[in-house]
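Undergrad: Each residue of the sequence shown is one higher than the last, beginning at 1 in UniProt numbering.
Supplied in structure tokens, the structure appears directly below.
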Amino acid sequence: MIPAQHVTPFVRGNKNDCNDALAIFEASSRPNIRFVPVKTEGQQEVMMMHRIRERLIKQRVAITNQTRGLLVDFGIIFQQGFTAFEQNMWQIINDSEQRPVLKFLINQAYDEYLYVSRQLKELNKLIRKKLEQTPSGKILLSMSGIGHVIASAFEASIDKAQAFNTPKELAVWLGLTPKQYASGNKSKLYGITKRGDGYLRKQLIHGARTVVCHSHKKDDVLNRWINQLKERVCFNKAVVATAHKLARLMWVLLWKQAMYQALQGLETKAIP
1 MIPAQHVTPF VRGNKNDCND ALAIFEASSR PNIRFVPVKT EGQQEVMMMH
51 RIRERLIKQR VAITNQTRGL LVDFGIIFQQ GFTAFEQNMW QIINDSEQRP
101 VLKFLINQAY DEYLYVSRQL KELNKLIRKK LEQTPSGKIL LSMSGIGHVI
151 ASAFEASIDK AQAFNTPKEL AVWLGLTPKQ YASGNKSKLY GITKRGDGYL
201 RKQLIHGART VVCHSHKKDD VLNRWINQLK ERVCFNKAVV ATAHKLARLM
251 WVLLWKQAMY QALQGLETKA IP
């Protein structure tokens with residue numbers, strides 16, 4: 001398939017099927033055009049699970065935030081977090097001094113929260129089960145900072161990385177490279193481009209944040225590089241740079257179909 005944004009420059013005249021077909025033909029004949037591999041039904045199923053998981057997470061957060069906000073008007077204030085929410089909901093429901101209508105509404109909100117939490121838990125189990133059945137999933141899980149959610153989304157998005165010739169191309173596609181503005185002899189680099197799959201980029205950054213937070217506890221090559229990086233740049237820049245590094249390493253592992261091994265020497269490599 002051809003990405004739609006690569007076809008748009010070749011459209012001539014008004015928007016209709018004939019002009020669109022001519023534009024697609026013109027774009028496909030260009031030597032430097034990039035094509036997108038068609039996802040299998042299995043990959044689409046996995047990505048569907050991730051989209052539903054994102055929706056359930058937003059629903060659960062929305063329920064807790066709305067309930068906490070409504071209870072403030074009744075003088076009931078408690079800290080954020082799911083553990084505190086569950087404890088306080090149970091206390092309010094079992095408090096005989098609370099108004100009946102308030103208890104009824106809180107009970108409804110709590111039941112909805114529990115239902116969404118159960119769905120989310122079952123979906124996480126399904127994602128884990130699907131991932132552990134694939135060789136590529138086991139390879140990605142061998143890396144530090146890469147959990148089931150990240151590995152599953154990564155594998156479903158790029159399969160075995162056959163669409164990218166180099167790890168740099170993958171990092172560019174993920175939007176983890178700096179945005180460049182160059183004119184003449186002047187060249188400036190800005191923040192990351194944020195192109196490509198925003199969900200996968202977000203998950204990689206979450207995983208990289210965990211690696212950066214615990215890098216001082218390990219002494220392999222990757223973590224020594226992270227520790228040196230933290231001395232030069234701020235925390236968030238170190239996290240994004242680590243996400244960039246992890247994405248490149250994951251490409252190498254999938255390309256070679258090899259397990260990850262952290263070395264104490266000069267480099268980190270993939271082993272068969």
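Backbone N, C-alpha and C fix where the C-beta goes; we use that ideal spot for every residue, glycine too.
None of these values were measured; they are calculated from a predicted model.
Measure the Cβ-Cβ separation of M250 and I127 and say whether it is below 9 Å.
TA: no
Undergrad: Go ahead and pull the three-state DSSP assignment for M47.
TA: If DSSP states are grouped into helix, strand and coil, M47 belongs with the helices.
Undergrad: On a Cα-Cα basis, can you pick out the residue from L176, I57, L71, K230 that is closest to E122?
TA: Taking each of L176, I57, L71, K230 in turn and checking the Cα distance to E122, the smallest one comes out for I57.
Undergrad: Count the other CB atoms within 10 Å of the CB of A153; is the residue buried (16 or more) or exposed (fewer)?
TA: buried
Undergrad: In whole angstroms, give me the CA-to-CA distance for E231 and A238.
TA: Cα to Cα, the separation comes out at about 9 Å.
Undergrad: So the candidates are E54, H244, A156, F78; which of them puts its Cα closest to the Cα of T64?
TA: Of the candidates E54, H244, A156, F78, the one whose C-alpha sits nearest the C-alpha of T64 is F78.
Undergrad: With a threshold of 16 other CB atoms inside 10 Å of the CB of I158, please say whether the residue is buried or exposed.
TA: buried
Undergrad: What residues in its chain sit with their C-beta under 7 Å from that of N19, if we drop five residues either side in the sequence?
TA: V11, R12, G13
Undergrad: With 16 as the cutoff for other CB atoms within 10 Å, does T40 come out buried or exposed?
TA: exposed
Undergrad: Could you name the residues that DSSP lists as bridge partners for A182?
TA: S187
Undergrad: What distance in whole Å lies between the Cβ atoms of L204 and L246, which are believed to be in contact at a cut-off of 8 Å?
TA: 6 Å
Undergrad: Taking all protein chains shown into account, decide if F235 is buried (16 or more other Cβ within 10 angstroms of its Cβ) or exposed.
TA: exposed
Undergrad: Are the Cβ atoms of K194 and G175 separated by less than 9 Å?
TA: Yes. Within cutoff.
Undergrad: Note the first and the last residue of the continuous beta strand (DSSP E) segment covering Q261.
TA: 259–261
Undergrad: Can you name the residues that DSSP bridges to I192?
TA: BP columns for I192 point to P178.
Undergrad: Taking the C-alpha atoms as reference points, what is the distance between P37 and A109?
TA: A straight-line Cα-Cα distance of about 43 Å links P37 and A109.
Undergrad: Which runs of the alpha helix (DSSP H) spanning at least 4 residues fall entirely within the stretch 120–156, listed in chain order?
TA: The stretch 120–156 contains these whole alpha helix (DSSP H) runs: 135–141.
Undergrad: Assuming S136 contacts E155 under a Cβ cut-off of 8 Å, what Cβ separation, rounded to an integer in Å, is found between them?
TA: Between S136 and E155, the beta carbon gap of about 5 Å places them in contact (Cβ cut-off 8 Å).
Undergrad: Rounded to a whole number of angstroms, what is the C-alpha to C-alpha distance between I106 and R68?
TA: 10 Å
Undergrad: Among residues of its own chain, excluding the 5 on either side of N88, which ones have a beta-carbon nearer than 6 Å to its beta-carbon?
TA: F78
Undergrad: Taking only three categories from DSSP, how would you classify G265?
TA: Since pLDDT at G265 reaches only 48, below the 50 mark, its modelled position is unreliable, and the value read off the structure follows with that caveat. Coil at G265, not helix or strand.
Undergrad: Assign M1 to one of three DSSP states: helix, strand, or coil.
TA: coil
Undergrad: Report the option in Q43, K188, S96 whose CA atom is closest to the CA atom of P178.
TA: K188
Undergrad: Going by the CB atoms, is the gap between V116 and R53 shorter than 9 Å?
TA: no
Undergrad: Determine whether the beta carbon atoms of M49 and K138 lie at a separation below 9 Å.
TA: It is not a contact, given that the beta carbons lie outside the stated cut-off.
Undergrad: Since T242 and V211 should fall inside the 8 Å C-beta cutoff, what is the C-beta to C-beta distance between them, to a whole number of angstroms?
TA: At roughly 6 Å, the Cβ-Cβ gap stays under 8 Å, so T242 and V211 are in contact.
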